[in-house]
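Note sheet for the following structure.
Protein chains: 2
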Amino acid sequence: MRYDNQLTQILKVQYPIIQAGMAGSTTPELVASVSNKGALGTIGAGYMSQEKLEEEIQSVKALTTKPFGVNLFVPGHNDYSPQQVEHMNAWLKPYRRAFDLEEPTVNITEEQQFVNAIDCVIKYQVPVCCFTFGIPERNIITKLKQANVILVGTATTVEEAIENERAGMDVVVAQGSEAGGHRGSFLPNLQHQQSLIGTMSLVPQMVDSISIPVVAAGGIMDGRGIVASLVLGAQGVQMGTAFLTAEESGANDVVKQTILNSKETDTVVTNVFSGKSARGINNEFVEAMMKYEGDIPPYPVQNQLTNTIRKTAASNGNKEWTHIWSGQSPRLATAQHVDQLMDNLVKQIEELVRIVG
Amino acid sequence: MRYDNQLTQILKVQYPIIQAGMAGSTTPELVASVSNKGALGTIGAGYMSQEKLEEEIQSVKALTTKPFGVNLFVPGHNDYSPQQVEHMNAWLKPYRRAFDLEEPTVNITEEQQFVNAIDCVIKYQVPVCCFTFGIPERNIITKLKQANVILVGTATTVEEAIENERAGMDVVVAQGSEAGGHRGSFLPNLQHQQSLIGTMSLVPQMVDSISIPVVAAGGIMDGRGIVASLVLGAQGVQMGTAFLTAEESGANDVVKQTILNSKETDTVVTNVFSGKSARGINNEFVEAMMKYEGDIPPYPVQNQLTNTIRKTAASNGNKEWTHIWSGQSPRLATAQHVDQLMDNLVKQIEELVRIVG
Chain D
14 MRYDNQLTQI LKVQYPIIQA GMAGSTTPEL VASVSNKGAL GTIGAGYMSQ EKLEEEIQSV
74 KALTTKPFGV NLFVPGHNDY SPQQVEHMNA WLKPYRRAFD LEEPTVNITE EQQFVNAIDC
134 VIKYQVPVCC FTFGIPERNI ITKLKQANVI LVGTATTVEE AIENERAGMD VVVAQGSEAG
194 GHRGSFLPNL QHQQSLIGTM SLVPQMVDSI SIPVVAAGGI MDGRGIVASL VLGAQGVQMG
254 TAFLTAEESG ANDVVKQTIL NSKETDTVVT NVFSGKSARG INNEFVEAMM KYEGDIPPYP
314 VQNQLTNTIR KTAASNGNKE WTHIWSGQSP RLATAQHVDQ LMDNLVKQIE ELVRIVG
Chain V
14 MRYDNQLTQI LKVQYPIIQA GMAGSTTPEL VASVSNKGAL GTIGAGYMSQ EKLEEEIQSV
74 KALTTKPFGV NLFVPGHNDY SPQQVEHMNA WLKPYRRAFD LEEPTVNITE EQQFVNAIDC
134 VIKYQVPVCC FTFGIPERNI ITKLKQANVI LVGTATTVEE AIENERAGMD VVVAQGSEAG
194 GHRGSFLPNL QHQQSLIGTM SLVPQMVDSI SIPVVAAGGI MDGRGIVASL VLGAQGVQMG
254 TAFLTAEESG ANDVVKQTIL NSKETDTVVT NVFSGKSARG INNEFVEAMM KYEGDIPPYP
314 VQNQLTNTIR KTAASNGNKE WTHIWSGQSP RLATAQHVDQ LMDNLVKQIE ELVRIVG
């Protein structure tokens, strides 16, 4: 199969495969291994301080000379009341008590963190910058473009894709409802379920509506998903869960094992962990907190309130009180080294292309 | 492309395409046109009386000598209280008053209707019988198999597919979350959203878990969706919305026009029309009735209570008070004759196969 297309040319990669920027779970080894195999590795920098991001970029650069990306969360508005926080702290008390944890202070620094991250990307000449949760302001886009950074946006609907194209993104990821982790949705005025569009529906409708390359995401785990996405009109794919269980991923062992033992019906979309909708494996914490669904403080408040609980649970091997992001295809997850995973993907693609023709 | 596979051999069709059994919207012309073009037309008999079904089968037989199918609703349990009906009747009063309609009497005859339909299928030697909402009892399956009827089940999860295979179905339809109309889900103990699995995720996981042919459904509207489904491991596709807006479909004009003018974000999954979850275009009735979400009587009670309201609305050109079933790809819907639609699908498939190789 010829992988040469607009997307691989723009990203300067051999294969049209992006490793999703899974905030909190990427390691320099993961990112560099993916890039070294000819796909695009991405640092999931959504939660990173400037220092941490600089360190990560330098570590990746020490491990690869190939292009890689940084994935950032675009800051949004977060209206919340002290009362909301007070209620949530009361509901979270049993978890904190069990782990002997302090009540954290809410500290919103997203805006500054984002600006610092952009400066980092430019300073270290990171080849690709990916965005989720929205589109950055014009001045930031201009600055990045002047520095020759390739910009990749995220869209969960056709309208969001059109906005991304209009704003000057070079590429847009079509995030189907199957996708694990945070939903990138940012346009308001839709019922929650109305922006959960399946990949099979989203990709062709998006491809028909914009001119920049579309990258399919959601449910794609092997060569079948990759070739199917290309057939639907995408120029490439973004894969998260498939890389999350890889040997080089920074995800906790309990997270990897839980995904490897899950079924397609085990995931739910919930905002109880971070204050933003995300798809992950259903567990005790989700079931308990869904009672307060309408009263969950927005991101990043809820994220900060639950942070130490989730981290402690994960490091204690407790899969019931931590977030375990996963798409709807956990039955297809494998525990492999990135090299092996990539080799298998390419082999599957070549075999499929032979069969289809 | 070679269309010859296990599925086309079992169904005795040229193309691996099934026209979904859209209860209330198929016509003998639609079914026969699809079958005459080498795919499998299906009579949507879910709501039909024995007399109506006999008439439809005879009409189809007069128009084609090719194989066709009948799609039936498998009866389930429907616990409801007179109080629930009373409440619903109160909430529906404004709609009935607007159209000058009587309050209907609830009359549950599903079981008998189903048994009669099975007898019809056998008596008229209908080649294929498709089921949704569950799996028929063993004695019915045995009777149909003795009459050489090919059996097609519906599954929204891998577990439901395994149950279908175990029960002796010859083929199973993988109904992805994108699909329009009623959800075929029948296994309990899942949160509603947990059985909404995107087609991209559902198909390969189902294919890996069973041995009978899998037919992909949900979001498939053109050659791209068909080839993508085959790449994912399906042996064919089932398409509903794509045929619903066809010239020969029995859907009301207001239904067709609304779908043709809708976006991917316009649909919701709701039980307010029939008492069972179904995907359709969001409208006034849905918004108003969603308030009573937990208090909607089960199918077929709610279906009977709203029936005359929906029919009158549709025939008055009122798209706000009737169900407009649609999958998540209405942007890809077209108003064509079946002949034209089928010719275009085959042309698109051939072109895509050339490109992929």
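Respectively, the protein sequence lines represent chains D and V. Numbering-wise (the numbering used here), the first sequence opens with residue 14 and increments by one. Numbering-wise (the numbering used here), the second sequence opens with residue 14 and increments by one. The C-beta atom is built at its ideal place from N, Cα and C for all residues, glycine as well.
Could you give the residue range of the beta strand (DSSP E) that holds residue i?
i, result
"leucine 164(V)", "163-168"
Spell out the partners DSSP gives residue i in its beta bridges.
i, result
"isoleucine 294(V)", "Thr280(V)"
"glycine 82(V)", "Thr55(V) and Val141(V)"
"tryptophan 383(V)", "The displayed coordinates of chain V run from 14 to 370. Any statement about residue 383(V) would go beyond what the structure contains."
"valine 228(D)", "Val186(D) and Gly249(D)"
Just to check my reading of the structure: residue i and residue j have Cβ atoms closer than 8 Å, yes? What is that Cβ distance to the nearest angstrom?
i, j, result
"leucine 243(D)", "proline 217(D)", "Wrong, their Cβ atoms sit about 12 Å apart, outside the cutoff."
"leucine 53(V)", "leucine 76(V)", "The Cβ separation is near 14 Å, so there is no contact."
"proline 149(V)", "glutamate 124(V)", "Contact doesn't hold; Cβ gap of about 11 Å is too wide."
"alanine 58(V)", "alanine 168(V)", "No, alanine 58(V) and alanine 168(V) are not in contact; Cβ-Cβ is about 20 Å, not under 8 Å."
"alanine 139(V)", "valine 228(V)", "With the sequence shown as reference, residue 139(V) is identified as valine, and alanine is not the correct amino acid for it. Not a contact, Cβ separation roughly 18 Å."
"leucine 354(D)", "alanine 259(D)", "6 Å"
"arginine 196(V)", "serine 290(V)", "4 Å"
"glycine 193(D)", "threonine 278(D)", "That belief does not hold up - the Cβ atoms of glycine 193(D) and threonine 278(D) are roughly 14 Å apart, past 8 Å."
"glutamine 317(D)", "valine 119(D)", "6 Å"
"asparagine 296(D)", "lysine 332(D)", "6 Å"
"threonine 39(D)", "phenylalanine 86(D)", "Actually they are not in contact, since the Cβ atoms of threonine 39(D) and phenylalanine 86(D) sit about 14 Å apart, beyond 8 Å."
"leucine 43(V)", "glycine 263(V)", "7 Å"
"methionine 101(V)", "proline 310(V)", "6 Å"
"valine 171(V)", "serine 222(V)", "5 Å"
"asparagine 91(D)", "isoleucine 121(D)", "7 Å"
"valine 369(V)", "valine 369(D)", "5 Å"
"alanine 111(D)", "phenylalanine 256(D)", "About 32 Å; that fails the 8 Å criterion."
Along the chain, where does the alpha helix (DSSP H) that runs through residue i open and close?
i, result
"glutamine 126(D)", "123-136"
"phenylalanine 112(V)", "95-112"
"alanine 75(V)", "63-76"
"threonine 325(V)", "314-328"
"lysine 304(D)", "Where lysine 304(D) is concerned, there is no enclosing alpha helix (DSSP H), given that its DSSP letter is neither H nor E."
"arginine 344(D)", "No alpha helix (DSSP H) contains arginine 344(D), which DSSP labels as neither H nor E."
"asparagine 357(D)", "351-369"
If you measure from the CB of residue i, is any heavy atom of the ligand ADP nearer than 7 Å?
i, result
"methionine 302(V)", "Within the structure as shown, the ligand ADP is missing, as the structure has no ligands at all."
Subject >> Entirely enclosed alpha helix (DSSP H) segments - the stretch 24-57 of chain V, minimum 4 residues >> reply: 41-49
Subject >> Residue ranges of each beta strand (DSSP E) within the stretch 230-265 of chain V, 3 or longer >> reply: 249-252
Original post:
Three or more C-beta pairs closer than 8 Å, one from the stretch 269-276 of chain D and one from the stretch 247-255 of chain V: is that the case here?
Top reply: no
Original post:
If we count Cβ pairs, one from each stretch, closer than 8 Å, do we get three or more for the stretch 97-110 of chain V versus the stretch 342-357 of chain D?
Top reply: no
Original post:
Can we say the stretch 298-305 of chain V touches the stretch 151-163 of chain V, given the rule of at least three CB pairs closer than 8 Å?
Top reply: no
**OP:** Would you list, in sequence order, the uninterrupted alpha helix (DSSP H) runs of no fewer than 4 residues that lie entirely inside the stretch 142-216 of chain V?
**Re:** 151-159 and 171-180
**OP:** Check whether the stretch 174-186 of chain V touches the stretch 225-239 of chain V, counting contact only when three or more Cβ pairs, one atom from each stretch, lie closer than 8 Å.
**Re:** yes
Original post:
Does the stretch 202-214 of chain V come close enough to the stretch 205-215 of chain D that 3 or more CB-CB pairs lie under 8 Å?
Top reply: yes
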